[in-house]
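Listed in order, the protein sequences are those of chains A and B. Note that the working numbering gives residue 337 to position 223 of the first sequence, counting from 1, and the numbers run on in steps of one. Note that the working numbering gives residue 222 to position 108 of the second sequence, counting from 1, and the numbers run on in steps of one. Before any comments, here is the structure.
2 protein chains.
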Amino acid sequence: MRDDGRIALGVDVGGTKTEIILAGRHGRKLGETRIPTEPEAGAEATLRRAAEAARTEFGAGAADAAAVGISVAGQVGARGVLLGAPNLGWTGVDVRRLAVAAFGIPAVVVNDVRAATWAEWRLGAGRGARHLVVLFLGTGVGGGAVLGGRLLDGADGIAGEFGHLTVVAGGRACRCGNVGCLEAYCGGWGLEERARDAALADPAAGAALVRLAGAADAITGEAIAAARSSGDALAARLVEETGDVLGAALVGLVNALNPRRVILGGGVMDGFPDLLDRATAAVHARALPAARKRVEIVRAGLADDAPALGAADLALVRRPRMRG
Amino acid sequence: MRDDGRIALGVDVGGTKTEIILAGRHGRKLGETRIPTEPEAGAEATLRRAAEAARTEFGAGAADAAAVGISVAGQVGARGVLLGAPNLGWTGVDVRRLAVAAFGIPAVVVNDVRAATWAEWRLGAGRGARHLVVLFLGTGVGGGAVLGGRLLDGADGIAGEFGHLTVVAGGRACRCGNVGCLEAYCGGWGLEERARDAALADPAAGAALVRLAGAADAITGEAIAAARSSGDALAARLVEETGDVLGAALVGLVNALNPRRVILGGGVMDGFPDLLDRATAAVHARALPAARKRVEIVRAGLADDAPALGAADLALVRRPRMRG
Numbered sequence: 115m116r117d118d119g120r121i122a123l124g125v126d127v128g129g130t131k132t133e134i135i136l137a138g139r140h141g142r143k144l145g146e147t148r149i150p151t152e153p154e155a156g157a158e159a160t161l162r163r164a165a166e167a168a169r170t171e172f173g174a175g176a177a178d179a180a181a182v183g184i185s186v187a188g189q190v191g192a193r194g195v196l197l198g199a200p201n202l203g204w205t206g207v208d209v210r211r212l213a214v215a216a217f218g219i220p221a222v223v224v225n226d227v228r229a230a231t232w233a234e235w236r237l238g239a240g241r242g243a244r245h246l247v248v249l250f251l252g253t254g255v256g257g258g259a260v261l262g263g264r265l266l267d268g269a270d271g272i273a274g275e276f277g278h279l280t281v282v283a284g285g286r287a288c289r290c291g292n293v294g295c296l297e298a299y300c301g302g303w304g305l306e307e308r309a310r311d312a313a314l315a316d317p318a319a320g321a322a323l324v325r326l327a328g329a330a331d332a333i334t335g336e337a338i339a340a341a342r343s344s345g346d347a348l349a350a351r352l353v354e355e356t357g358d359v360l361g362a363a364l365v366g367l368v369n370a371l372n373p374r375r376v377i378l379g380g381g382v383m384d385g386f387p388d389l390l391d392r393a394t395a396a397v398h399a400r401a402l403p404a405a406r407k408r409v410e411i412v413r414a415g416l417a418d419d420a421p422a423l424g425a426a427d428l429a430l431v432r433r434p435r436m437r438g
Numbered sequence: 115m116r117d118d119g120r121i122a123l124g125v126d127v128g129g130t131k132t133e134i135i136l137a138g139r140h141g142r143k144l145g146e147t148r149i150p151t152e153p154e155a156g157a158e159a160t161l162r163r164a165a166e167a168a169r170t171e172f173g174a175g176a177a178d179a180a181a182v183g184i185s186v187a188g189q190v191g192a193r194g195v196l197l198g199a200p201n202l203g204w205t206g207v208d209v210r211r212l213a214v215a216a217f218g219i220p221a222v223v224v225n226d227v228r229a230a231t232w233a234e235w236r237l238g239a240g241r242g243a244r245h246l247v248v249l250f251l252g253t254g255v256g257g258g259a260v261l262g263g264r265l266l267d268g269a270d271g272i273a274g275e276f277g278h279l280t281v282v283a284g285g286r287a288c289r290c291g292n293v294g295c296l297e298a299y300c301g302g303w304g305l306e307e308r309a310r311d312a313a314l315a316d317p318a319a320g321a322a323l324v325r326l327a328g329a330a331d332a333i334t335g336e337a338i339a340a341a342r343s344s345g346d347a348l349a350a351r352l353v354e355e356t357g358d359v360l361g362a363a364l365v366g367l368v369n370a371l372n373p374r375r376v377i378l379g380g381g382v383m384d385g386f387p388d389l390l391d392r393a394t395a396a397v398h399a400r401a402l403p404a405a406r407k408r409v410e411i412v413r414a415g416l417a418d419d420a421p422a423l424g425a426a427d428l429a430l431v432r433r434p435r436m437r438g
């Protein structure tokens with residue numbers, strides 16, 4: 115786990131922007147820049163532009179980098195080939211090989227949520243916990259885990275999809291094709307869809323929320339937060355249910371994986387910070403005594419640059435060669 | 115992972131009997147005996163009697179054993195201390211230290227389901243799969259996993275309680291204190307309780323089952339299997355629901371852990387073997403495409419001696435010292 119004081123590049127390729135950082139010892143950020151992502155231009159062009167931006171912005175620093183870590187919003191196979199990336203459309207692309215060619219240094223490729231999980235463990239709210247579960251509740255719900263000091267990867271490199279744990283068997287349809295997934299209730303889209311359905315089913319109860327949003331179809335997390343602040347009963351109930359399902363999922367995860375710490379991050383947590391207390395209360399009330407006794411449930415410690423930081427750190431820790 | 119051709123003892127301390135085996139290379143069973151467990155006599159006396167039985171039964175073989183693995187039906191902490199063992203009542207007992215004293219050789223202590231998981235991986239239906247999830251559906255539902263070739267242990271040595279994943283949020287009460295656990299639906303007690311409740315709620319539908327069992331309170335898994343064979347609609351529905359909940363849990367586990375293989379064993383699987391097909395169909399229909407593509411779902415390969423065999427093998431692999 116020593117990083118020898120070397121430096122690395124971290125590149126987080128998102129659907130709209132690509133964040134590029136230069137990271138030194140202990141994840142210290144030495145430089146940062148970003149370029150727009152143009153998915154339709156392809157992975158090769160995107161990585162070439164990222165490498166150019168790094169050279170322009172970081173100069174000698176970029177030339178000194180020992181390796182580059184690429185973080186991608188998609189399912190990354192064990193050898194750095196994208197198995198699926200709905201926001202980028204680069205399925206089947208060998209991103210690792212393209213990154214080696216573009217940057218001229220060894221590269222690792224990792225899913226963005228797993229990269230952020232690693233960053234939280236090494237540099238953020240997960241430090242010191244060798245058994246860690248991370249959930250990011252954004253539009254969807256992503257996850258990752260460090261178990262026994264190792265990033266959970268799975269047989270195909272895609273483990274950690276805790277957003278697609280079935281928590282409500284026979285429940286709401288998830289975008290993934292399953293029913294009753296955590297994400298279908300606690301992801302941003304799931305919360306908004308539940309609000310819309312509730313407002314349409316009971317127009318009187320939904321009146322305030324619909325007025326605030328303009329239409330039932332237009333209800334956002336922000337509208338739910340605002341309505342709740344002004345005392346709206348439906349908004350309060352929606353958030354309460356979100357906490358109940360999140361708590362139910364966390365009880366199961368704590369029982370199944372026995373982590374020392376659980377980290378909760380993402381936009382839904384930012385919008386409804388009291389979900390942390392609700393979920394924590396559920397775990398302390400209902401998880402197995404030996405598993406709940408010492409578990410801590412905390413908010414994420416890093417900002418939006420966590421995936422790029424984690425990818426850079428993984429690039430140093432995994433010591434990739436030029437040919438994988 | 116080499117075992118050097120050494121031999122080890124494996125001792126599985128159950129609530130009613132203690133199984134003692136002598137295991138050689140590749141888990142080959144060189145000898146086997148069993149004694150009744152008398153929990154109230156305490157752990158020290160039980161382990162002493164097991165050591166005596168091993169010496170009597172295996173003679174020179176027992177003297178040659180390099181280590182002993184103790185498998186216990188309970189929550190085993192990281193250093194071999196029992197954190198909870200409802201069927202034995204030995205909470206807080208340092209089983210590892212007592213085993214070293216009784217057998218005079220280094221000892222490891224492991225939960226019985228984790229020991230069986232390890233045995234399935236090394237010697238049974240899990241061979242060759244470096245990412246493996248195991249579920250044993252007996253009276254309760256126990257579990258274990260091998261991830262990246264390592265036995266999942268967790269921060270307190272108690273990971274793998276997949277029977278206490280929440281699958282039906284807000285659902286049936288589980289004996290563990292949570293609601294909606296997999297075990298509350300698919301463990302033997304959960305199945306029987308659901309049958310009783312259904313028979314009491316709808317006496318006409320439950321008539322055949324109650325007649326077969328003698329009383330609603332006395333409905334067993336065997337009675338459900340018999341009623342179903344003779345065409346009873348309620349029994350068929352109960353098994354169908356069991357498969358639905360098991361499938362929902364497996365979809366989530368496959369998404370979360372991305373195993374290459376899932377092993378299902380235990381008395382409920384023996385009684386209702388077609389649950390395997392139902393659960394497999396759910397995973398193939400609803401798990402994330404990249405996670406379900408190469409996953410295999412199979413029956414357990416070993417018999418009741420799996421915990422003792424797994425404990426013996428772990429004792430060789432982990433190379434314990436006399437003082438932990």
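The beta-carbon is built from N, C-alpha and C at its ideal position, and this holds for glycine as well. Values in this document were obtained by computation on a predicted structure and should not be read as measured data.
Rounded to whole angstroms, the gap between the alpha carbons of Leu323 of chain B and Thr394 of chain B is 28 Å. Interface residue (Cβ-Cβ distance to chain B less than 8 Å): Gly366 of chain A is classified as such.
According to DSSP, residue pairing for Glu166 of chain A in a beta bridge does not occur. The beta-bridge partner set that DSSP reports for Ile149 of chain B consists of B:Thr132. Within the model, the alpha-carbon separation for Glu275 of chain B versus Phe172 of chain A is close to 48 Å.
Taking a C-beta cut-off of 8 Å against chain B, the contacting residues of the segment 243-257 of chain A are Ala243, Arg244, His245 and Gly257, listed in chain order. Taking a C-beta cut-off of 9 Å against chain B, the contacting residues of the segment 401-432 of chain A are Ala401, Leu402, Pro403, Ala404, Ala405, Lys407, Arg408 and Val409, listed in chain order.
Contact holds between the segment 154-170 of chain B and the segment 209-219 of chain B, because three or more Cβ pairs, one in each stretch, are under 8 Å apart.
By the neighbour-count definition (other C-beta atoms within 10 Å, threshold 16), Glu166 of chain B is an exposed residue. Between Gly188 of chain B and Leu196 of chain B, the beta carbon gap of about 5 Å places them in contact (Cβ cut-off 8 Å). Straight-line spacing of the CA atoms in Pro421 of chain A and Asp226 of chain B works out to 39 Å. The C-beta of Asp270 of chain A comes closer than 8 Å to at least one C-beta of chain B. Beyond the five residues adjoining it in sequence on each side, Arg310 of chain A comes within less than 7 Å, by CB distance, of Ala330, Asp331 and Ile333 in the same chain, given in chain order. The contact set of Ala239 of chain B on chain A, defined by CB atoms closer than 8 Å, is empty, because the minimum CB distance reaches about 16 Å. Rounded to whole angstroms, the gap between the alpha carbons of Ala243 of chain B and Gly145 of chain B is 28 Å. Under the Cβ distance rule, Arg374 of chain A counts among the residues neighbouring chain B, one pair being separated by less than 8 Å. With contacts defined as CB atoms closer than 8 Å, Met383 of chain A and Arg413 of chain A qualify as a contacting pair.
By the Cβ-count criterion, Leu266 of chain A is buried, with 16 or more other Cβ atoms from all chains shown falling within 10 Å of its own Cβ. Closer than 8 Å to the CB of Asn201 of chain B there is not a single CB belonging to chain A. Closer than 7 Å at the C-beta level to chain B, one finds no residue of the segment 155-184 of chain A. If the five residues before and after Ala176 of chain B are omitted, its C-beta is found closer than 7 Å to the C-beta atoms of Leu123, Leu136, Ala168 and Arg169, all from its own chain and listed in chain order.
Proximity to Val248 of chain A across A:Gly424, A:Val376 and A:Arg435 peaks at A:Val376, based on C-alpha coordinates. Per the coordinates, the alpha-carbon of Asp126 of chain A lies some 14 Å from the alpha-carbon of Lys143 of chain A. Rounded to whole angstroms, the Cβ separation of Ala180 of chain A and Ile121 of chain A is 7 Å, and the two are in contact under 8 Å. When C-alpha distances from His245 of chain A are compared across A:Gly263, A:Leu423 and A:Ala229, the shortest belongs to A:Gly263. C-alpha of Asp208 of chain A to C-alpha of Pro220 of chain A: approximately 14 Å in a straight line. Glu410 of chain B carries a strand assignment under DSSP once its states are collapsed to helix, strand and coil. In the DSSP annotation of this structure, the continuous segment of the beta strand (DSSP E) that includes Asn225 of chain B starts and ends at Ala221 to Asn225.
Membership of Ala337 of chain B in the alpha helix (DSSP H) is indicated by the continuous run Gly335 to Ser343. Judged by pairs of C-beta atoms under 8 Å, the segment 197-205 of chain A does not touch the segment 227-235 of chain A, as fewer than three such pairs exist.
Taking the beta carbon of Ala283 of chain B as reference, the chain A residues within 9 Å of it are Val281, Val282, Ala283, Gly285, Gly294, Tyr299, Asp358, Val359, Gly361, Ala362 and Ala363, listed in sequence order.
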